[in-house]
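Counted from 1, the sequence shown has number 227 at position 227 by full-length UniProt numbering; the numbering is strictly sequential.
A virtual CB, placed ideally from N, CA and C, is assigned to each residue, including glycine.
All remarks here apply to the structure that follows.
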Amino acid sequence: MISMYSGTIGSGKSYHALEDIIAWLDKGKYVIANFALTFSEGQIRRGYAERFMYMDDRYLMGVSGIRQLLDISRANGWDEAEEEGLCLVVIDEATNYYPREDGTKPEQRMWRTFFTQSRKLGYDFILILQDDQSINKTIVKCIEYDVKHRKANNIWPFKLLNLFKITIFVHVTYWRQQRTRLKSSSTIFVKRLAGMYQSKKMFADFDGQLDKFLQTLTDDSDNIPLAYFGNCAPSPDEAVYAGGARQGGSRGVAASGDGADVV
């Protein structure tokens with residue numbers, strides 16, 4: 001089963017996925033996600049942490065992710081168990097995995113093929129994104145259920161809940177193939193549950209990826225214009241050529257690879 005958890009930022013879609021993760025672990029099943037969680041001592045004793053795998057985007061994204069999931073299924077015997085729903089895979093910010101403009105790329109077609117066979121490998125998927133327009137049609141066609149989310153506190157009279165610091169999320173499940181509404185439900189935000197997210201680790205990983213990306217730009221640093229206030233104003237030569245002298249000037253701090261210079 002492949003479900004899409006859609007909704008705007010703050011609509012509770014990631015929180016809903018977290019509830020599902022706990023429900024799966026509570027049943028003794030396995031979960032793979034591209035974000036880390038912190039488990040309580042009681043959850044650790046019940047084996048939650050042992051059956052949860054945090055897989056970084058660098059491993060789960062692209063063709064390498066398909067290989068990882070295939071190997072995990074075979075190593076655990078799920079591919080021969082002839083049983084569905086043994087492991088839940090949760091991909092947050094799925095837009096980064098299946099960009100709208102990449103629909104014709106070979107790796108996207110391989111993901112489509114993998115999704116069509118994922119049940120036989122024991123997997124269920126939750127893709128978290130804002131809407132189906134943010135990913136390519138090759139992957140959209142594989143989605144069976146669209147679970148739309150909304151923060152009830154944004155709707156009158158539920159806005160009154162803000163006075164009591166209570167947050168409620170509502171979600172409605174649709175069967176995509178027939179565009180049929182199947183069910184609706186709601187959940188109350190619990191700070192203790194949301195605290196399981198290892199947000200510091202997520203930002204630390206992002207910092208590392210950002211630094212690596214910036215390093216790839218160092219070879220072209222000479223071609224990068226200095227950043228300072230007024231860098232779109234014409235130079236003195238350009239101003240004279242245009243028929244007018246440059247009036248005054250602007251001083252600022254230029255950002256460069258060697259540090260800040262006054263210009």
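| Buried/exposed call for Ala152, threshold 16 Cβ in 10 Å | Here the question's residue 152 lines up with position 152 in the sequence shown. Ala152 comes out buried.
| query | What's the C-alpha gap between Arg100 and Val140? | reply | Residue mapping note: residue 100 aligns to position 100 of the sequence shown, counting from 1. Residue mapping note: residue 140 aligns to position 140 of the sequence shown, counting from 1. Cα to Cα, Arg100 sits roughly 10 Å from Val140.
| said: Count Cβ pairs between the stretch 89–97 and the stretch 130–147 that sit closer than 8 Å; are there 3 or more? | reply: The stretch 89–97 makes contact with the stretch 130–147; the number of CB pairs closer than 8 Å reaches 3 or more.
| query | When burial is assigned at 16 or more other CB atoms within 10 Å of the CB, is Val90 buried or exposed? | reply | In the sequence shown, residue 90 corresponds to position 90, counting from 1. Looking at its Cβ environment, which holds 16 or more other Cβ atoms inside 10 Å, Val90 is buried.
| task | Quick one: give me the first and last residue of the beta strand (DSSP E) that Ser185 is part of. | result | The residue given as residue 185 occupies position 185 in the sequence shown. Per DSSP, the unbroken beta strand (DSSP E) holding Ser185 starts and ends at 180–188.
| query | Nearest-angstrom Cα distance between Met61 and Glu80? | reply | On the sequence shown, residue 61 is found 61 positions in, with the first residue counted as 1. On the sequence shown, residue 80 is found 80 positions in, with the first residue counted as 1. For the pair Met61 and Glu80, the Cα-to-Cα distance works out to about 25 Å.
| query | Which residue from Arg150, Glu144, Arg58 puts its Cα closest to that of Ser185? | reply | As a first step, residue 185 is located in the sequence shown; it is residue number 185 there, counting from the start. Closest by alpha carbon: Arg150.
| How big is the Cα-Cα spacing for Lys183 and Lys148? | One-based indexing of the sequence shown puts residue 183 at position 183. One-based indexing of the sequence shown puts residue 148 at position 148. Roughly 11 Å separates the two Cα atoms.
| Who pairs with Val90 in a beta bridge, going by DSSP? | As a working mapping, residue 90 is identified with position 90 in the sequence shown. For Val90, which the question treats as bridged, DSSP gives the partners Ala33, Ile126.
| field | Cross-strand partners of Ser14 (DSSP beta bridge) | value | Taking the sequence shown and counting its residues from 1, one reaches residue 14 at position 14. DSSP lists no partner for Ser14.
| Just curious, the beta strand (DSSP E) that Met4 is in, first and last residue? | By 1-based counting over the sequence shown, the position of residue 4 is 4. Unbroken beta strand (DSSP E) run through Met4: 2–6.
| Just the Cα atoms here: how many angstroms apart are Trp78 and Ser11? | Here residue 78 refers to the residue found at position 78 of the sequence shown. Here residue 11 refers to the residue found at position 11 of the sequence shown. Near 34 Å, if we compare the C-alpha coordinates of Ser11 and Trp78.
| Inter-residue Cα distance where the pair is Arg67 and Phe125 | Position 67 of the sequence shown holds residue 67. Position 125 of the sequence shown holds residue 125. CA-to-CA, the gap between Arg67 and Phe125 works out to about 16 Å.
| request: Can you give me the Cβ contacts of Met110 inside the same chain, cut-off strictly under 7 Å, excluding the 5 residues immediately before and after it? | output: Looking up residue 110 in the sequence shown gives position 110. Correct list, in chain order: Val63, Ile66.
| said: Please report the distance separating the alpha-carbon of Gly103 from that of Thr138. | reply: Along the sequence shown, read from residue 1 onward, the residue named residue 103 stands at position 103. Along the sequence shown, read from residue 1 onward, the residue named residue 138 stands at position 138. In this model, Gly103 and Thr138 are separated by some 5 Å (Cα to Cα).
| query | Any idea if Tyr5 is buried or exposed, counting beta-carbon neighbours within 10 angstroms, 16 or more meaning buried? | reply | In the sequence shown, counting from the first residue as 1, residue 5 sits at position 5. Tyr5 is classed as buried because its beta carbon has at least 16 other beta carbons within 10 Å across all chains shown.
| request: Measure from the alpha carbon of Gly28 to the alpha carbon of each residue in Tyr48, Thr116, Glu41, then state which is nearest. | output: Counting from 1 along the sequence shown, the entry for residue 28 is found at position 28. If we check each option's Cα against that of Gly28, Tyr48 comes out closest.
| query | Near Arg51, which residues of its chain fall below 8 Å by C-beta distance, leaving aside the five closest residues on each side in sequence? | reply | Here residue 51 refers to the residue found at position 51 of the sequence shown. The answer, listed in chain order, is Leu25, Gly28, Lys29, Tyr30, Val31.
| message | Restricting to Cα atoms, I'd like to know which of Gln177, Thr173, Arg181 is closest to His16. | response | Start at 1 with the first residue of the sequence shown, and residue 16 comes out as number 16. Minimum Cα-Cα distance from His16 among the listed residues Gln177, Thr173, Arg181 corresponds to Thr173.
| field | Distance, Phe115 Cα to Gln108 Cα | value | Numbered from 1 along the sequence shown, position 108 holds the residue referred to as residue 108. Numbered from 1 along the sequence shown, position 115 holds the residue referred to as residue 115. Rounded to the nearest whole angstrom, the CA to CA distance from Gln108 to Phe115 is 10 Å.
| Which of helix, strand or coil DSSP assigns to Val52 | Taking the first residue of the sequence shown as 1, we reach residue 52 at position 52. Inspection of the sequence shows that residue 52 is occupied by Phe rather than by Val. Reduced to three states, the DSSP call for Phe52 is strand.
| request: Using alpha carbons as the reference points, say which of Phe164, His171, Ala36, Thr8 lies closest to Ile21. | output: Taking the sequence shown and counting its residues from 1, one reaches residue 21 at position 21. Ranking the options by Cα distance to Ile21, first place goes to Ala36.
| request: Kindly give me the distance between the Cβ atoms of Leu161 and Thr167, rounded to whole angstroms, as I take these residues to be in contact under 8 Å. | output: As a first step, residue 161 must be located in the sequence shown, where it is residue number 161. As a first step, residue 167 must be located in the sequence shown, where it is residue number 167. 7 Å between Cβ atoms; contact.
| said: Using only CA atoms, which one of Val170, His171, Asn154 lies nearest to Leu163? | reply: The sequence position of residue 163 within the sequence shown is 163, counting from 1. For Leu163, the closest of Val170, His171, Asn154 by C-alpha to C-alpha distance is Asn154.
| query | Any idea what DSSP makes of Asp26, helix, strand or coil? | reply | If you number the sequence shown from 1, residue 26 lands on position 26. When DSSP states are grouped into helix, strand and coil, Asp26 belongs to the helix group.
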